[in-house]
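Only one structure is covered here, and it is reproduced in the block below.
Right, dumping it as structure tokens:
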């Protein structure tokens with residue numbers, strides 16, 4: 034079974050540009066999460082999809098961030114326009130169920146975003 | 305306001321000894337806790353979890369202890385092996401549920417010396 038895959042693994046862009054990150058969850062996992070880790074700090078929740086619907090987007094920093102999950106399969110996270118503080122590692126995770134006791138989230142390797 | 309805290313950024317242990325990683329939380333609504341391990345350039349991988357109705361959960365060399373009154377949990381690794389060297393993240397969630405989102409600590413980098 035393939036794991037969670039993220040693309041690209043690393044992106045370097047200039048301030049003001051647009052970047053789109055992609056996540057392919059494990060097949061059959063309805064729950065898809067985006068997290069971000071900035072400068073060695075804690076991993077912070079951004080949002081949660083159940084299939085194609087946004088269940089919780091309380092962690093999205095501002096309206097420069099747009100996440101989509103068309104058809105309930107892969108997801109994209111677009112940052113437009115990117116700012117310096119957006120730099121960090123963006124992780125995607127998926128799980129079969131959101132019930133806490135069974136909610137083992139499987140993480141991708143992350144996309145390291147550097148905004149110069 | 306950080307709800308999950310790992311106050312030790314790093315820990316160094318000799319191979320064969322016990323590693324103890326600590327985690328504190330502030331939100332009494334959390335009722336499910338997890339530990340994830342992360343190697344460089346990889347995503348976090350699930351290690352072990354515990355429900356708030358328990359005070360201990362064991363899986364091989366890994367044991368997690370939960371002290372609800374102190375809002376504290378710890379991960380014990382016995383015996384420690386060089387392959388355990390990684391960053392360990394403590395995470396918490398609510399059962400009834402905020403969609404299963406995980407609240408993570410800052411991580412503790414464990415180094416196991418041969």
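Protein chains in written order, with the working numbering: chain A, 34 to 149; chain B, 305 to 418. All C-beta atoms in this analysis are idealised placements derived from N, C-alpha and C, irrespective of residue type, glycine included.
- Judged by their CB atoms, residue 342 of chain B and residue 391 of chain B are nearer to each other than the 8 Å cut-off.
- Around the beta carbon of residue 75 of chain A, a 10 Å sphere encloses 16 or more other beta carbons of the protein chains shown; the residue is thus reported as buried.
- In the three-state DSSP reduction, residue 103 of chain A falls in the helix class (H, G or I).
- Collapsing the DSSP output to three states places residue 85 of chain A in coil.
- In the displayed model, residue 149 of chain A falls within coil according to three-state DSSP, outside both helix and strand.
- By a beta-carbon distance limit of 8 Å, residue 320 of chain B does not contact residue 397 of chain B. Their separation comes to about 33 Å.
- Rounded to the nearest angstrom, the gap between the Cα atoms of residue 116 of chain A and residue 143 of chain A is 19 Å.
- The beta carbons of residue 78 of chain A and residue 92 of chain A sit closer together than 8 Å.
- Contact annotation: residue 108 of chain A and residue 65 of chain A have beta-carbon atoms nearer than 8 Å.
- For a Cβ distance threshold of 8 Å, residue set 350, 404, 406 of chain B lies close to residue 138 of chain A, ordered along the chain.
- If you look at residue 330 of chain B, you'll find it isn't in any beta strand (DSSP E); DSSP assigns it neither H nor E.
- Within the model, the alpha-carbon separation for residue 123 of chain A versus residue 344 of chain B is close to 14 Å.
- Taking 8 Å as the CB threshold, residue 393 of chain B lines the interface with chain A.
- In the three-state reduction of the DSSP assignment, residue 409 of chain B falls in the coil class, being assigned neither a helical nor a strand state.
- When the five nearest sequence neighbours on each side are left out, the beta carbons in the same chain lying within less than 6 Å of the beta carbon of residue 54 of chain A are those of 110, 123, 144, in order along the chain.
- With respect to the C-alpha of residue 358 of chain B, the residue from B:330, B:323, B:413, B:335 having the closest C-alpha is B:335.
- Distance from the Cα of residue 373 of chain B is smallest, within the candidate group B:355, B:406, B:332, B:317, for B:332.
- For residue 118 of chain A, the three-state secondary structure derived from DSSP is helix.
- Excluding residues up to 5 positions away in sequence, 322, 365 lie with their Cβ nearer than 7 Å to the Cβ of residue 382 of chain B in the same chain.
- Rounded to the nearest whole angstrom, the C-alpha separation of residue 85 of chain A and residue 72 of chain A is 30 Å.
- Residue 363 of chain B sits in a strand when the DSSP states are folded into three classes.
- Nearest C-alpha to residue 367 of chain B among B:349, B:414, B:339: B:339.
- Using a Cβ-Cβ cut-off of 8 Å, residue 378 of chain B does not count as an interface residue toward chain A, since no Cβ of chain A sits closer than that to its own.
- Each residue's CA atom was taken as its position, placing residue 352 of chain B and residue 136 of chain A some 12 Å apart.
- Residues of chain A with a Cβ closer than 7 Å to the Cβ of residue 362 of chain B do not exist, since the nearest Cβ in that chain sits about 17 Å away.
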